[in-house]
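**Student:**
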Amino acid sequence: DTGVSQDPRHKITKRGQNVTFRCDPISEHNRLYWYRQTLGQGPEFLTYFQNEAQLEKSRLLSDRFSAERPKGSFSTLEIQRTEQGDSAMYLCASSPRDRYYEQYFGPGTRLTVT
Amino acid sequence: AQKVTQAQTEISVVEKEDVTLDCVYETRDTTYYLFWYKQPPSGELVFLIRRNSFDEQNEISGRYSWNFQKSTSSFNFTITASQVVDSAVYFCALTPMDSSYKLIFGSGTRLLVRP
Numbered sequence: 029d030t031g032v033s034q035d036p037r038h039k040i041t042k043r044g045q046n047v048t049f050r051c052d053p054i055s056e057h058n059r060l061y062w063y064r065q066t067l068g069q070g071p072e073f074l075t076y077f078q079n080e081a082q083l084e085k086s087r088l089l090s091d092r093f094s095a096e097r098p099k100g101s102f103s104t105l106e107i108q109r110t111e112q113g114d115s116a117m118y119l120c121a122s123s124p125r126d127r128y129y130e131q132y133f134g135p136g137t138r139l140t141v142t
Numbered sequence: 327a328q329k330v331t332q333a334q335t336e337i338s339v340v341e342k343e344d345v346t347l348d349c350v351y352e353t354r355d356t357t358y359y360l361f362w363y364k365q366p367p368s369g370e371l372v373f374l375i376r377r378n379s380f381d382e383q384n385e386i387s388g389r390y391s392w393n394f395q396k397s398t399s400s401f402n403f404t405i406t407a408s409q410v411v412d413s414a415v416y417f418c419a420l421t422p423m424d425s426s427y428k429l430i431f432g433s434g435t436r437l438l439v440r441p
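Chains as they are written, first to last, in my numbering: chain A, 29 to 142; chain B, 327 to 441.
1) Using a Cβ-Cβ cutoff of less than 6 angstroms, which residues in the same chain neighbour T104(A) once the five nearest sequence positions on both sides are dropped?
2) With which residues is A333(B) paired in a DSSP beta bridge?
3) List, from N- to C-terminal side, the alpha helix (DSSP H) runs of 4 residues or more that fit wholly inside the stretch 101-125 of chain A.
4) Who pairs with Y129(A) in a beta bridge, going by DSSP?
5) 9 angstroms is my cut-off, CB to CB: does E352(B) come that close to chain A?
6) If you reduce the DSSP assignment to three classes, tell me which class S413(B) lands in.
7) What did DSSP end up calling K342(B) once you bin it into helix, strand or coil?
8) Which partner residues does R422(B) have in the DSSP bridge list?
9) Looking only at DSSP bridge pairs, what is K85(A) linked to?
10) Is there a Cβ from chain A that is less than 9 angstroms from the Cβ of F431(B)?
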């Protein structure tokens, strides 16, 4: 069990550019969650998948954000036309089928938009 | 509406002191889980404890203890004989036992333990 991994760990981009993050959950975990954490705040829910289906999206997820989990394994989160307000830590978590409340978090991707 | 409030933004103690981190929550759900997570400087969230709304028994794990009181909607966390390695940001979180189990976090309490 290698844990949840996220790539890249850090990303610096210029305003207006597109960025994509990847999350690899613990194998056989069928749920995958994305959260965003801004400086000095707790993580906030963005969206979650059960297998390949995206079941819920937060209002925080504007139309510039899109998430996918095409084969029910890894997931990607893309931000188009980044803005400075997108600067945050993006956290991914996965949970097993019979214990959805048990979320295991990855190390996060820290995005800085200049 | 669901909400978690951690009123203490930052706490500083000297090593070996006891410290209590407060957590107050709001929910209309009758069934829910409460959690505490630790976030060290590396950034990864580390799970500490989960309690469900049916069980108000307090819990002790080594130097850590948790006090859950439904009557006051509180789930406080005490570290006994604090150590420098306890320095981190601590988050309290809530999830209703619904279909999503999405976590609702408080804003965190930064604990600094000085040698």
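Ideal Cβ positions, reconstructed from N, Cα and C, are used throughout, including at glycine.
**Tutor:** Taking the coordinates as given:
1) T48, R50 and E96
2) Bridge partners of A333(B): none, in fact.
3) none
4) DSSP lists no partner for Y129(A).
5) no
6) coil
7) coil
8) Here residue 422(B) turns out to be Pro, not Arg, going by the sequence shown. The partner list for P422(B) (beta bridge, DSSP) reads Y358(B).
9) T75(A)
10) yes
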